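**Student:** Here you go, one structure.
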Amino acid sequence: SADPKVLRYLGTAVNEGDEISKKCLEDTGIKIEYITATTDDVTKRVITQPNSFDVLDTEYFSLKKLVPSGNIFALDAKKIKEFDNITPVFTKGQLPNGKKIGDQGTAPWKVLYLEGPNSKTFSKTPTEFVTLIPTVYNADTLGIRPDLIKRPISSWTELLNSEFKGKASILNIPSIGIMDAAMVVEATGQHTYTDKGNMTKAEIDLTMKIMTEAKKAGQFRAFWKDFNESVNLMASGETVIQSMWSPAVTKVRSMGIPCIFQPLKEGYRSWASGFCVSKAVSGPKLDWAYEFVNWYLSGWAGAYLNRQGYYSAVLSTAKANMTADEWGYWMEGKAAVSDIKAPDGTVLEKAGAKRDGGSYDDRMGAVACWNAVMDENDYMVRKWNEFIAA
Amino acid sequence: MTTTAALELVQLTKKYGGVTAVDAINLKIPAGSYCCLLGPSGCGKTSTLRMVAGHESVTSGDILVGPKNVTDLPPADRSTAMMFQSYALFPHLSVIDNVGFALKMKGVAKTARHAEARKLLDLVDMQAYAARLPGQLSGGQQQRVALARALITSPQILLLDEPLSALDPFLRLRMRAELKKLQRELGMTFIHVTHGQDEAMALADIVVLMNGGRIEQQGSPREIFNHPRTEFTARFIGGHNVIAVGAETFAVRVDRLALKTPSETVTGPSTAGTISEVEYQGTYVRVVIAIDGGSEISAQITETQFDTASYAVGERVLATWDPAQASLLNTTGSAIVRSPEKAA
Amino acid sequence: MTTTAALELVQLTKKYGGVTAVDAINLKIPAGSYCCLLGPSGCGKTSTLRMVAGHESVTSGDILVGPKNVTDLPPADRSTAMMFQSYALFPHLSVIDNVGFALKMKGVAKTARHAEARKLLDLVDMQAYAARLPGQLSGGQQQRVALARALITSPQILLLDEPLSALDPFLRLRMRAELKKLQRELGMTFIHVTHGQDEAMALADIVVLMNGGRIEQQGSPREIFNHPRTEFTARFIGGHNVIAVGAETFAVRVDRLALKTPSETVTGPSTAGTISEVEYQGTYVRVVIAIDGGSEISAQITETQFDTASYAVGERVLATWDPAQASLLNTTGSAIVRSPEKAA
Amino acid sequence: MGGKRPRSFYFLAAFFTAYVLFLYGPMFAIYILSFQGPDGGLTFPMNGVSLVWFGKVFSGSGIVDIGASFKRSLQLGLVVMLLTVVLSVSAGLAFRRSFRGASFLFYVAIASLIMPSIITSLGIALEFRLLDDFIIKSGATSWTTAMGLFTSGLGAHLTWTLPFGLLIMFAIFNRFDGRLEEAARDLGATPWQTFRHVVLPIILPSVVGIGLFGFTLSWDELARSSQTIGSVNTLPLDLQGLTTTVTKPDIYALGTLTSAVSFLVIFVALVVILVLQARQRRHGSDAGKGMV
Amino acid sequence: MASPSSPSLRLAPSMKQHRKTFVAWLQAAPMMLVFALFFLLPLLFVTVVSAWDYNEYEMIPAFSLRGYSDTFEGCIAELPSLCTILKTYLNTLKLCLLTWALTLLIGFTVAYFLAFHVRSKTWQIVLTLLCTIPFWTSNVIRMIAWIPLLGRNGLVNRGLEGVGLIRQPLEWLLFSEFSVVLALVHLFTFFMVVPIFNSMIRIDKRLIEASYDAGATGWQTLLNVIIPLAKPGIVIGSIFVITIVMGDFVTIGVMGGQQIASAGKIIEARLNALQFPAAAANAVILLGVTILIISALTRVVDIRKEL
Ligand SMILES: Nc1ncnc2c1ncn2[C@@H]1O[C@H](COP(=O)(O)OP(=O)(O)OP(=O)(O)O)[C@@H](O)[C@H]1O
Ligand SMILES: Nc1ncnc2c1ncn2[C@@H]1O[C@H](COP(=O)(O)OP(=O)(O)OP(=O)(O)O)[C@@H](O)[C@H]1O
Ligand SMILES: [Mg+2]
Ligand SMILES: [Mg+2]
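Chains as they are written, first to last, in the working numbering: chain A, -14 to 375; chain B, 7 to 350; chain C, 7 to 350; chain D, 56 to 347; chain E, 6 to 312.
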């Protein structure tokens, strides 16, 4: 037999899974070596050690930082079998049913294409040079503890409601945290942003001022930085309302603690991630990388992700790998017919349950903005530091 | 004024693991007296002193200072002060601060304690070194600083562990006089470990002779010198020849031994031998005679006598003495030197 | 066989910062001789020894061992060995390993070096303590181990810094004899720092008397004792009274001084005074006389004489001597004691 | 008799116990929570009691191979330990004499301590990237990277452990009796023999302490490793990576196991030592066990 | 016999000095090499980068002091109120001082106990190991465990409520300056214990005996003998704690609920935003400030004097 086909896969643990790598090895003969790191470390490693990984699992908004470093390989769209079947959310900014969705922030289609194979400039129109092949995405909102709040929550304004003083939290990644803050500011009607993902200095100042006041008043119990912290804060009752990720809510719930991923009338903040390939990859390794990406989009992995509460990039192939009941619960907002199980077999929801926020179209259709890196990023980070120091 | 106190040791014993360093000693030292502890190396002098000071735990027995049983008290509550055989000067403090340390602990102001410390430094002839650190002193200088430091405390009982061993004889004589004067003036109880019988003789009211962890003999210097009770005492105190005549053993002072040529007639006891060594000693000459039985005795004769007779090594002589001036020794009892446990 | 070497010091000087500890001394010690270094505390004996051994850097001057200038050589290349005043025993090694250390460094096998070490422990009477750690020994025992450790190396020149100071006189005499015997047998050059003139007298071929960093006088013991050249020597060597008669100063041995009552007639020089102290010394009695001029002299008289005359403190006496037995002193030259820099 | 303890002993012993309890504070939560039921989380309340999480640790399931990274960390830690001890002792000896650049080295060590680890980490990563580029430019086309556990990773860890080692050496050599070395040299020991037979045995317990310290620092090191470790992670990095997803009490079980094994090893060692000492009791002594 | 004092035989003293120095230099060289390769060179890059320009997305290799000037933004304009950087440094210093004082107090006491009251070496080692074991469980895990311990429903609050001492859970136990200092003390006390312990075991027990003998009380002995003699250890421990706390961001981040500013945290935020020049500039500033503190400390006690 030939040399084992090994790919070094750098990413956060969010999208990594034993089952995925096992299945991949089985199907393609490619052995995936996970290099797990925190979100921040992943980005830094791309800049500092482009030679230490082959495939990168990252988010679209990071591309604004990563592409200028020259360490990202421009993938050839033609070599991606399912490229044309990728959901139009990425390619066109609309739902499969044609409905336009929010494009504030670093929406994927803004950074999906490059002007040339070695270009560092994003192309506004589709080209064959693709930066990042989407795999997973979702719409984030606030998580709440209904048992401790005991009343319906329907707006982002509740995050700064003094009723939850000392029991609220947001994400301490400046570029994301400020967008949650912006959702609140907009919801309270204090300001309407042209683009929450690309604020002016004045808008940054305003947003941070409102947040600073809340912080000084003791609104926040803590800020969280990683998935696990958010689960712990919520599960232990340290916080009752906070920005959250969908699987984190699922996790809290699986511990027997009531927790809701609350759909809000102002909509969701969305994010999307996928695969880049390191510029240092060449030769047969590059072929494996294409092979791996193609495998990933071929359905099994998509279904796997869907079952965790994420969305997969190629819906058709994923659907083929899921039962109708699963598809109905996760994607169509239908009540579960039988128990809904996680990929590892543990029961997530009993029969009859419905997904928070409803169907794919309801949720993705209500996306208000995308995680972003602003043009005024440098200024924003300084202001964020000020906010922390306040 | 300093107060003073009597010291009493009752069946005091110290064992280090399996080694008995001090073996059930009993000792009473009246308040205000000068006691010299004498004995061969390793006989338990330092151990005794350290127990009295409270630096070494007592294996069994009691220590009484005045009427108080201090056996289990910490050092600070014992009204004793000690000068260490190894000096134990504070390396981070200057000479004057070392000496003034005890006063500082009492809260005496800096100028006052420096003045007092200077007085003591003067006493030990170390004024000029006040600002030095101990590491910058010679051995003898360190010893003097340690002495000054012990003297400043004016405790009820002062324990001195070989305080003068590193000094030249010149200085030693002076320090000796100073010690005696101080003791007389202050009336403190002094316990002074020394190796010199001359020192003990000159200073002590009571001489305690230790051997192998026991007390061999105690008494006034003259008593001990003139009436050694055991062979060990006779030998250790020096200036004595131990001569066996028949079943009895006598101690004869070396300066009481007269040398005759074998041809001369002798009245009284005598013993014959060969001169094995002649040592010039300044004011006198020491003549060592190998007695025919095998042991050695020595005679101390004046230079004049020596020059007249001009004894040479190898010459045969007859040693004689006046029986009235010899002590009959107790030959049972203590062994000369006790061995510690055999090395494993 | 051990080899031996002569030692020569040329203008050897040691300064510690501003303090001159050794002041341009010149000294030649022939190979195979026994040299005793004598002098008051702090006069520079240890410093000199440490420079010879190579543990202290030389400020200026040279040290020659045999024909070789070793001034800048490391200690190991000097063929010297030293016994430290502070012992410097290795705390983690047992007594026997301490003594055998030098052999271990040479790669001698364990049994061989232990056998050799045991021989030396025997010599210093420490056989029984072979397995102990230094921390478990008394002061004198430590000193003996240090001595044994220095002796095992059989160097060309052996440097001993007060090797016997912590020993009782009994043991000291024995060690002294052993040292002398060893030196004779091995033919090594010994340099031995001591405070006892008796020790120096008994052991030395050459006595070097130091004072304030300089050599005051050197020569054979008898020479020095009978012909002190300076007041310092006379006083230091002991057994002498320094008596000024008009412009001249004489040294008179204490045992050459005769005491008369003021009423007796005297021939020869004499000086009057009051008895200020009477010290019983075992074989003799020391009588201290405060001379009318202010200084003190002492006379050593036999016990018999003392008992006949029964001198008492406060009594007036006349001290006389035979002018033929007195030495005229060189009054210029060295000061008695040099002060170090004034304390800052 | 012999061991009469002063009152301060009891106070200090109580203080020490309190300190140890404080040190173990979070560990108690870990020990308890590692017995969570299968549905339990990382926080209270307990969701049943079970041993499943211990099983998880042994079965090695999960995204990352904890066993492998455990082994890597152990290997790296041991190498770091060894180098820290050797380099620190050697430099400590150097500092006892003065040499040109002593002050410089001292302040470099301090600076290395101060520099936020992430910055050092980044700097090393940059350096190796330049090195890689250079190697590739000079013709080694198939070259991937010089970075790795025992190159950049080791270096990064050493910049962290060496300042500690060096400074602790200062404490160890403080007032070390130089006469012992003089005596050894005098007895014909070469400088190496002097070190080997006199200095080292005396400072050995402290040197072992430095080794332990170095190992612990390396074992727990995170920030410096993050950018320098290349493509395989150390244990803390993997554990931290795990916190970006659903974390389960198996990491607590890992902590409990680590502690349990350590306790066991130390306990066994202690028993062995005590037995050996009891055998040697015959030479024993209670030297220096004064009242103070 | 060779002419005894012929100067040609003499080695110049400086040459002899040289040889000794050379050996010392060789002994220090390996460590120097490691630092040169893995610290100085990277530090050089960092310093160079700190003087580069940057925009929102990337660094630009052109000289600019923007990294520095941005850091001090508003420091003059906002007077008399403090700008972010000063406020942050002040806060960091406060945390640092608190932690230092507590670790010193606890560390000294623990070291004292181990050095003077634990009599056998074996037990000293065993107790030291006992203190080391918690550190063998990764700090990542231990940090998480603070929540179940100190949280609103944590062991401590539950316990206090159970005993009846409090009705409402104590909020300040977690995500507060209290918890930050607590965790820092928890982590770094041992860094004090080790050097202080090592300098304490070098103290000759007879000196303490001599002190008691001179009538000193336990406290007086502590102040006048033990502390002066253990000073190098104290300073070394202080260097450890101060330097680490000054640069810390992980502990302050996690235990402060990411809400407490520190010098290290600013750097981290900049770095995570991939603004390397700004981060580097901040690191250089931090380095400068801390080196100043440390050199002031070593001026008070020269830890290299009595080696
Ligand atoms: N490290 C030092 N720094 C400054 N002065 C010193 C130092 N070592 C010794 N001295 C001084 O040098 C002089 C000579 O010291 P040395 O140790 O040679 O004397 P010594 O003759 O051996 O005395 P002793 O008989 O008391 O041991 C002394 O006055 C001493 O104070
Ligand atoms: N720590 C110890 N462990 C075991 N044995 C000891 C210890 N300290 C002293 N010894 C032994 O106890 C005996 C008495 O020791 P001590 O120090 O009291 O003697 P010393 O009379 O002061 O002798 P020296 O005149 O030599 O100083 C010695 O034989 C010694 O070896
Ligand atoms: Mg003694
Ligand atoms: Mg000396």
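All C-beta atoms in this analysis are idealised placements derived from N, C-alpha and C, irrespective of residue type, glycine included. These numbers were taken from a predicted model, which means no experiment stands behind them.
(1) Could you pull out every residue in the same chain whose Cβ sits closer than 8 Å to the Cβ of residue 124 of chain B, ignoring the five residues on either side in sequence?
(2) Hey, would you say the C-beta of residue 86 of chain B is under 7 Å away from at least one heavy atom of ligand 4?
(3) Report all residues from its chain with a CB closer than 6 Å to the CB of residue 342 of chain C; omit the five preceding and five following residues, and keep chain order.
(4) Quick check on residue 215 of chain D: does DSSP put it in helix, strand or coil?
(5) So is residue 205 of chain C buried or exposed if we call it buried at 16+ other beta carbons inside 10 Å?
(6) What does the alpha-carbon distance come out to for the pair residue 308 of chain D and residue 108 of chain D?
(7) Using a Cβ-Cβ cut-off of 8 Å, state whether residue 253 of chain D counts as contacting chain C.
(8) Counting only Cβ pairs nearer than 8 Å, list the residues of chain D close to residue 33 of chain A.
(9) Is there at least one non-hydrogen atom of ligand 1 closer than 7 Å to the beta-carbon of residue 23 of chain C?
(10) So residue 139 of chain E and residue 157 of chain E are supposed to be a Cβ contact under 8 Å. How far apart are they, rounded?
(11) Name, going along the chain, the residues of the region 109 to 124 of chain B whose beta-carbon falls closer than 8 Å to a beta-carbon of chain E.
(12) Quick check on DSSP: helix, strand or coil for residue 334 of chain D?
(13) For residue 59 of chain A, return the contacting residues in chain E, with the cut-off set at a CB-CB distance below 7 Å.
(14) Could you tell me if residue 17 of chain E is buried or exposed, where buried requires 16 or more neighbouring beta carbons within 10 angstroms of its beta carbon?
(15) Quick one, what's near ligand 3 if you take every residue whose CB is closer than 7 Å to any heavy atom, in chain order?
(16) Taking residue 159 of chain B as the reference, give the member of E/218, E/265, E/287 with the closest Cα.
(17) Measuring only from the beta carbon, is residue 110 of chain D closer than 7 Å to any heavy atom that is part of ligand 2?
(18) Using a Cβ cut-off of 8 Å, which residues of the region 14 to 33 of chain A contact any Cβ in chain D, in chain order?
(19) Considering just the uninterrupted stretch of the beta strand (DSSP E) at residue 198 of chain C, what are its terminal residues?
(20) The beta strand (DSSP E) spanning residue 354 of chain A covers which residue range?
(21) Nearest to residue 184 of chain E by alpha carbon, out of E/155, E/121, E/89, E/280?
(22) Counting contacts by CB-CB distance shorter than 8 Å, is residue 76 of chain E in contact with chain D?
(23) So, at 6 Å on beta carbons, what are the nonlocal neighbours of residue 105 of chain A in its own chain, with the 5 sequence-adjacent residues on each side left out?
(24) Determine the DSSP secondary structure at residue 15 of chain C, reduced to helix, strand or coil.
(25) If residue 173 of chain D and residue 276 of chain E are in contact, beta carbons under 8 Å, what's the gap, nearest whole angstrom?
(26) Enumerate in chain order the residues of its own chain whose CB-to-CB distance from residue 352 of chain A is below 8 Å, with the five nearest sequence positions on each side excluded.
(27) Name the chain C residues whose beta carbon is nearer than 8 Å to that of residue 22 of chain B?
(28) For residue 181 of chain C, report the span of its alpha helix (DSSP H) as first-last.
(29) Give the straight-line distance between the Cα atoms of residue 328 of chain D and residue 126 of chain E, rounded to the nearest whole angstrom.
(30) Please look up how many angstroms separate the CB atoms of residue 81 of chain D and residue 163 of chain E, rounded, as I've assumed it's under 8 Å.
(31) What is the DSSP secondary structure of residue 9 of chain A, reduced to helix, strand or coil?
(32) Against residue 92 of chain C, what residues of chain D qualify as contacts under a CB-to-CB distance less than 7 Å, listed in chain order?
(33) Using beta-carbon positions only, say whether residue 159 of chain A and residue 268 of chain E come within less than 8 Å of one another.
(34) Looking at the secondary structure, which residues open and close the alpha helix (DSSP H) in which residue 191 of chain E lies?
(35) Whole beta strand (DSSP E) runs in the region 15 to 83 of chain C with 3 or more residues, listed along the chain?
**Tutor:** Judging by the given coordinates:
(1) Position 118 of the second sequence holds residue 124 of chain B. Here the set comprises 102, 133, 136.
(2) For the purposes of this step, residue 86 of chain B is identified with residue 80 of the second sequence, where counting begins at 1. For ligand 4, not one heavy atom lies less than 7 Å from the Cβ of residue 86 of chain B.
(3) Here residue 342 of chain C corresponds to residue number 336 of the third sequence, with the count starting at 1. Model confidence at residue 342 of chain C stands at a pLDDT of 40, short of 50, so the residue's coordinates are unreliable; what they give is reported in the following sentence. Cβ neighbours of residue 342 of chain C beyond the five flanking positions: 238.
(4) Walking along the fourth sequence from the start, residue 215 of chain D turns up at place 160. It is helical.
(5) On the third sequence, residue 205 of chain C is found 199 positions in, with the first residue counted as 1. Per the 10 Å Cβ criterion, buried.
(6) Position 253 of the fourth sequence holds residue 308 of chain D. Position 53 of the fourth sequence holds residue 108 of chain D. One C-alpha to the other measures close to 6 Å.
(7) Taking the fourth sequence and counting its residues from 1, the one referred to as residue 253 of chain D is at position 198. Cβ-Cβ to chain C under 8 Å: yes for residue 253 of chain D.
(8) On the first sequence, residue 33 of chain A is found 48 positions in, with the first residue counted as 1. The answer, in chain order, is 177, 180, 181, 184, 282.
(9) What you label residue 23 of chain C is simply residue 17 of the third sequence in a count that begins at 1. Yes, since a heavy atom of ligand 1 falls inside the 7 Å radius drawn around the Cβ of residue 23 of chain C.
(10) Along the fifth sequence, read from residue 1 onward, the residue named residue 139 of chain E stands at position 134. Along the fifth sequence, read from residue 1 onward, the residue named residue 157 of chain E stands at position 152. Between residue 157 of chain E and residue 139 of chain E the Cβ distance is about 24 Å, and since that is not below 8 Å, they are no contact.
(11) Contact annotation: in the region 109 to 124 of chain B, residues whose CB is within less than 8 Å of a CB in chain E are 110, 111, 112.
(12) As a position in the fourth sequence, residue 334 of chain D is number 279, starting the count at 1. Three-state result, residue 334 of chain D: helix.
(13) Within the first sequence, residue 59 of chain A is the residue found at index 74, counting from 1. Correct list: empty, because the minimum Cβ distance to chain E is about 17 Å.
(14) Indexing the fifth sequence from 1 puts residue 17 of chain E at position 12. Only weak support exists for where residue 17 of chain E lies, its pLDDT of 49 falling under 50; the value from the coordinates is given anyway. So residue 17 of chain E ends up on the exposed side.
(15) B/51, B/52, B/91, B/167, B/168, B/199, C/144, C/145, C/146
(16) Looking up residue 159 of chain B in the second sequence gives position 153. When only C-alpha atoms are compared, the closest one is E/218.
(17) Residue mapping note: residue 110 of chain D aligns to position 55 of the fourth sequence, counting from 1. False, no ligand heavy atom lies under 7 Å from that Cβ.
(18) 18, 19, 20, 21, 22, 23, 24, 26, 29, 30, 33
(19) One-based indexing of the third sequence puts residue 198 of chain C at position 192. Segment 195 to 199, the beta strand (DSSP E) holding residue 198 of chain C.
(20) Walking along the first sequence from the start, residue 354 of chain A turns up at place 369. First-last of the beta strand (DSSP E) with residue 354 of chain A: 352 to 355.
(21) Mapped onto the fifth sequence, residue 184 of chain E falls at position 179. Ranking the options by Cα distance to residue 184 of chain E, first place goes to E/155.
(22) Taking the first residue of the fifth sequence as position 1, residue 76 of chain E is located at position 71. So no, residue 76 of chain E is outside the interface.
(23) Walking along the first sequence from the start, residue 105 of chain A turns up at place 120. Around residue 105 of chain A: 52, 53.
(24) On the third sequence, position 9 is the one that residue 15 of chain C refers to. Here residue 15 of chain C sits in strand by DSSP.
(25) Position 118 of the fourth sequence holds residue 173 of chain D. Position 271 of the fifth sequence holds residue 276 of chain E. Rounded, the Cβ-Cβ distance is 6 Å, consistent with contact.
(26) Taking the first sequence and counting its residues from 1, one reaches residue 352 of chain A at position 367. Apart from the 5 residues on each side of it in sequence, residue 352 of chain A sits with its Cβ closer than 8 Å to the Cβ of 86, 87, 124, 252, 253, 254, 255 in its chain, given in chain order.
(27) Indexing the second sequence from 1 puts residue 22 of chain B at position 16. What residue 22 of chain B touches in chain C: 142.
(28) For the purposes of this step, residue 181 of chain C is identified with residue 175 of the third sequence, where counting begins at 1. Counting along the chain, the alpha helix (DSSP H) containing residue 181 of chain C begins and ends at 175 to 192.
(29) In the fourth sequence, counting from the first residue as 1, residue 328 of chain D sits at position 273. In the fifth sequence, counting from the first residue as 1, residue 126 of chain E sits at position 121. The straight-line gap from Cα to Cα measures roughly 11 Å.
(30) On the fourth sequence, residue 81 of chain D is found 26 positions in, with the first residue counted as 1. On the fifth sequence, residue 163 of chain E is found 158 positions in, with the first residue counted as 1. Residue 81 of chain D to residue 163 of chain E, Cβ: 15 Å. No contact.
(31) Counting from 1 along the first sequence, the entry for residue 9 of chain A is found at position 24. Three-state DSSP puts residue 9 of chain A in a helix.
(32) The count along the third sequence starts at 1 and reaches residue 92 of chain C at position 86. Those within 7 Å of residue 92 of chain C in chain D are 234.
(33) For this step, residue 159 of chain A is matched to residue 174 along the first sequence. For this step, residue 268 of chain E is matched to residue 263 along the fifth sequence. Taking 8 Å as the Cβ cut-off, residue 159 of chain A and residue 268 of chain E do not qualify as a contacting pair.
(34) Taking the fifth sequence and counting its residues from 1, the one referred to as residue 191 of chain E is at position 186. Its alpha helix (DSSP H) spans residues 182 to 205.
(35) 25 to 35, 40 to 44, 66 to 71
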